[in-house]
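When you read off a place in the sequence shown, starting at 1, and then add 1, the result is the number in my numbering.
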Amino acid sequence: GKVFGAWRYTIAASKRLRKAVADADEHARQRDRFEVMHRQAQEQHSELQRLYQHLKSEISDFRMSLSQAKKENAALEEQLQKSLNEASDLKERLQSTAHLSQDLQNLRQSGREQQKAYIQLESVVSAMLNWLQGAVPNGLEQLKDDTGQLMSDDRPPEDVLLEWFNKVLQNSKLWRSKHKVGSWEDHHLARALLCALEVLAPATVRFE
């Protein structure tokens with residue numbers, strides 16, 4: 002009975018030993034798996050740390066780029082506003098230039114009309130002087146005498162000339178009708194007559 006009991010105890014001990022060995026092996030395998038998982042976790046943590054630093058750097062660069070872009074955008078907006086103001090000023094200048102161009106055209110037209118009128122006036126003055134030389138041979142000498150007398154009241158030469166021509170032509174309605182000349186009260190005509198007489202007889206007529 003003791004032998005059988007010892008055998009049973011030995012078998013039981015052997016089973017416990019095998020179980021203990023198996024548990025130890027399992028524990029070793031679990032420890033190995035844990036170590037592998039731990040190394041993998043450390044590697045993943047390192048990779049995550051590297052990614053985090055990379056993303057942090059990217060975010061910092063993006064913020065700097067965004068700040069620079071805002072500054073450039075503000076500068077572009079300022080330049081755009083300046084360009085718009087310059088365009089507005091240019092538009093006003095163009096409009097002013099258009100007005101000036103129209104004024105210049107009007108002035109040219111007025112100049113052409115005045116030139117035409119003076120050409121017609123010159124023709125009338127020339128015909129009148131020709132008539133005066135034939136009708137009043139001493140007319141220029143008479144003008145000199147009358148002018149010298151009438152200039153004492155400091156009147157303009159054209160007023161003196163008008164008075165003299167009114168004296169000479171007071172009975173010349175027929176001539177005025179023939180040449181379609183109106184009243185001799187026109188100072189422009191008087192000035193033209195004065196210039197013509199000074200050219201015609203520079204030694205006889207003298208006006209300051």
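Glycine included, every Cβ here is placed at the ideal spot set by N, Cα and C.
How big is the Cα-Cα spacing for residue i and residue j?
i: Ser-58; j: His-46; result: 18 Å
i: Lys-92; j: His-100; result: 12 Å
i: Ala-13; j: Val-22; result: 14 Å
i: Leu-49; j: Asp-33; result: 24 Å
i: Val-37; j: Asp-24; result: 20 Å
i: Ser-84; j: Arg-113; result: 42 Å
i: Gln-82; j: Ser-68; result: 21 Å
i: Arg-19; j: Tyr-10; result: 14 Å
i: Ala-75; j: Gln-41; result: 50 Å
i: Leu-52; j: Asp-26; result: 38 Å
i: Arg-64; j: Leu-77; result: 19 Å
i: Gln-54; j: Phe-35; result: 28 Å
i: Gln-103; j: Lys-117; result: 21 Å
i: Leu-95; j: Gln-110; result: 22 Å
Here's a check: name, in chain order, each residue in its chain whose Cβ is nearer than 8 Å to the Cβ of residue i, leaving out the five neighbours to either side.
i: Lys-71; result: none
i: Ala-7; result: none
Looking only at its chain, what residues have a beta carbon closer than 7 Å to the beta carbon of residue i, apart from the 5 residues adjacent to it on each side?
i: Arg-30; result: none
i: Asn-139; result: Low per-residue confidence applies at Asn-139: pLDDT is 48, beneath 50, and the placement is therefore not dependable, though the value from the model is reported in the following sentence. Taken in chain order, the list of residues that qualify is empty.
Near residue i, what residues of its chain come up, given a Cβ to Cβ distance below 6 Å and the 5 sequence neighbours on each side ignored?
i: Lys-16; result: none
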